[in-house]
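Residue numbers (the numbering used here): 29 to 924.
Every residue, glycine too, gets a C-beta built ideally from N, C-alpha and C.
Just so we're clear, the structure is a prediction, and the values are computed from it rather than from any experiment.
First comes the structure, then the notes that go with it.
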């Protein structure tokens, strides 16, 4: 069900967030700061940060006006705490960018992940310079949203500017921008009013009869703090003893604000004082809402009076009359709320309750629930939640549900076992399965109805599975099945998801697909985004494990595009498996962009499989582009998260991947030590028994075999590789089989069995070509790349291998992806006829010093045939001797 009247779709809400507050007649021109910004053309980000009341928003607004006057398109978003929901933030960002023609969206988009990627693409490709303003950044703390802003900065095209206003420094990588000279910072010291600006404000604009020394004295006591000067001007406007007031003016910023607010408030008429206190409980308000919570009909007149008196009232849009919306200056609002709570707590609760009823009548249930909870009328709040919680769950509004239910007193929540279960379900996607399971274990099961008991029992195996407690999850499923009949559709859907997940991990892939279908069907005619996405994640994972790479990519892309209001939902699982599939297909840029969206989320929820996959893929991408430090940092981060979360498979997998990287760098001893550290018997026994995407093609056993074949112990590992390959094929784990066959081919090549090596590599290539596997080959390094090069040079020259012609198009794609080889012969080899596969083998053996007789024995051909191949090689390379042929082949890159 679509929520009606949502603030996100409110026209007024958009106007207030997508435009700065209207200018005041008392604004002081911040010309010096604007000129500094305009002159700093190299700065990609302008960061204006200072404590409250320093005029950050005013400065941003004036800077926006200067940009517009100079012909620079400018978009504006005033962010707030609700924008920690990434879906909401992205929709407002898209709306702002739409206003200046960067996006063409004409309606609210629900696919946050897709919208994020779309926004980044359009920003990166936008050719016209523009400026984007984000004000009140201090309200953002969600790592996912901050990560999106970091990526936005990286995608800014030449000439574009991001202008930020904040009380605090956000975690968006400003240090890197500072080091590159791409950051211009405007701090509190620069925002402080000068004496000249204070004089212009107090005397010229506020019309206060102050002598220059009085202005200087007040400026010194406020240290140029704009809010304090503003508050002082309000008090001075009602006093005749200016000198005495200024002389006694002192204290910290907080004390100044409280002192002046009390002084201003105490001088207001009783009707105004009461209005200010009663409406302070509202984060934003209109005349109609104020009338409703006060039980009067004079709010429009009072608001007009307050606006005329500039009494901390800030319009949120350009509407007039009853429809205009306002908020109080944050310092003043905080003070008023504290006063109301101290003086009339019962009145504060009544105002919240009246606001809830007003929003409910306006068909804005989300706001109504928020005010009902804040009022303390939990029976009413729980009643509203009961009506809308299923819709919120189906839409993935987990962050909102968690924020609400976290704030409910424990005693009150204990009276609502259904909401406790919902709380646990939502926490799974926000703070992880361990905390959700802890909540379930605290439930008084003796008070649960059969239906709620079925809900609990259905949820428990899923949480256990997400924590790698697979055996416990198996047992929990059996217990849940005994109560399944008592569960509703939602409960049956959770149980089907749990069964599909565990059965997939058990390697019973066909059965897992059946349970995924059951999870989809469990909702009947209703739409559950989570059930759909989780089911697609399960089947997409099976597709990847079974080597159906293209089917996995298509399925997971479709699942990722299902509409939802939050990033932190089923798309977390879908997105990371999709990224791994894209990486395997060598779509590394797309995979990296997806993972940068999801990694902050997965670190919060700490699911082992997504954690491992995301960090390993990102580490390999970083290493592939030569950023070894970043590659190792990602693995260190993965290991640390594993330690902190008590996740031994995560720790062991981080060490395993570090060993692989060290081995690729040629440090066999360090790799061996890291493999020893990765040896957690309990972890790898579980991995051996289970089918886990993150460890499908990377296990300790595979890591040890790779180390052996690259450390001179080739003969010891050939038989093990062959046995592991046959076992993987028997279990229908074709992705793992592909990896093992590639390693088996390398082992045979190193063992001096080039013919058998090429035959196995040929089989791997034919399987890979149909599905688009690339990284399974390229990640194994120079020996495999050299063998691929031989195929490219000799393609079509021999037909002795079974399976028809070599997949040359895919082979060329592999060579393009190679780091150490090229797709075609070097420039020096232009015009040289490619060697056949046999000729390639002969020249390699010749370079190693083999005699004709020895070469014949190695290749199972006669000496006459060897001499024939040598003559052909000399002819193709224009060589007159064996040694010259070897030298030319080396120069051309045909042999190493």
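- Put simply, the region 153-165 touches the region 96-112. At least three CB pairs are less than 8 Å apart.
- Taking residue 761 as reference, the option from 332, 738, 724 and 744 with the minimal CA-CA separation is 724.
- In the three-state DSSP reduction, residue 426 falls in the helix class (H, G or I).
- Pairwise C-beta distances place the region 418-435 out of contact with the region 607-619, as fewer than three of them are shorter than 8 Å.
- Note: residue 800 is not bridge-paired with any residue in the DSSP secondary-structure output.
- Spatial neighbours of residue 692 in its own chain (CB-CB distance under 7 Å, excluding positions within 5 residues in sequence) are listed in chain order as 809.
- Out of 876, 870, 157 and 875, the CA that lies nearest to the CA of residue 891 is found in 870.
- Judged by beta-carbon spacing, residue 570 lies beyond the 9 Å limit of residue 588, meaning their Cβ atoms are not closer than that value.
- DSSP links residue 76 through a beta bridge to 193 and 214.
- Residue 654 sits exposed, since fewer than 16 C-beta atoms from the chains shown fall within 10 Å of its C-beta.
- Taking all protein chains shown into account, residue 897 has 16 or more neighbouring C-beta atoms within 10 Å of its C-beta and is therefore buried.
- By a beta-carbon distance limit of 8 Å, residue 201 contacts residue 178. Their separation comes to about 5 Å.
- Residue 647 and residue 663 do touch by the CB rule: their CB atoms are close to 5 Å apart, below 8 Å.
- Shortest Cα-Cα distance from residue 604 to any of 378, 644, 575 and 574 involves 644.
- The Cβ neighbour count for residue 764, taken over all protein chains shown within 10 Å, is at least 16; the residue is labelled buried.
- Under the DSSP assignment, residue 390 falls outside any beta strand (DSSP E); it carries neither an H nor an E label.
- Selection 881, 868 and 888 evaluated against residue 901 yields 868 as nearest (Cα-Cα).
- In the DSSP assignment, residue 158 falls within the beta strand (DSSP E) that extends over 158-163.
- Residue 811 and residue 839 have their C-alpha atoms some 15 Å from each other.
- The continuous alpha helix (DSSP H) containing residue 660 extends over residues 656-673.
- In this structure, residue 600 keeps its C-beta atom at 9 Å or more from the C-beta atom of residue 636.
- Inclusion of residue 381 and residue 518 in the CB contact set at 9 Å is not warranted, their separation being larger than that value.
- The beta-bridge partner set that DSSP reports for residue 343 consists of 354.
- For residue 619, the uninterrupted alpha helix (DSSP H) run begins and ends at 616-633, by DSSP.
- Less than 9 Å divides the Cβ of residue 168 from the Cβ of residue 117.
- Residue pairing from DSSP leaves residue 582 without any beta-bridge partner.
- By the Cβ criterion, the region 377-393 is in contact with the region 300-315, since at least three pairs of Cβ atoms, one from each stretch, lie closer than 8 Å.
- Taking every protein chain shown into account, the CB of residue 194 has 16 or more other CB atoms within 10 angstroms, so this residue is buried.
- The Cβ-Cβ distance between residue 384 and residue 374 does not fall below 9 Å.
- Spanning the alpha carbons of residue 361 and residue 370 requires a straight line of approximately 14 Å.
- A Cβ-Cβ separation of about 7 Å places residue 729 in contact with residue 752 under the 8 Å criterion.
- Annotated three-state conformation of residue 403 is helix, per DSSP.
- Around the beta carbon of residue 767, 16 or more other beta carbons lie within 10 angstroms, which makes this residue buried.
- Its chain contains no residue whose beta carbon lies nearer than 7 Å to that of residue 182 once the 5 sequence neighbours on both sides are disregarded.
- The beta carbon of residue 613 sits closer than 7 Å to the beta carbons of 577, 581, 800 and 802 from its chain, once the five residues preceding and following it are set aside; these are given in chain order.
- By the 16-neighbour rule on beta-carbons within 10 angstroms, residue 410 is buried.
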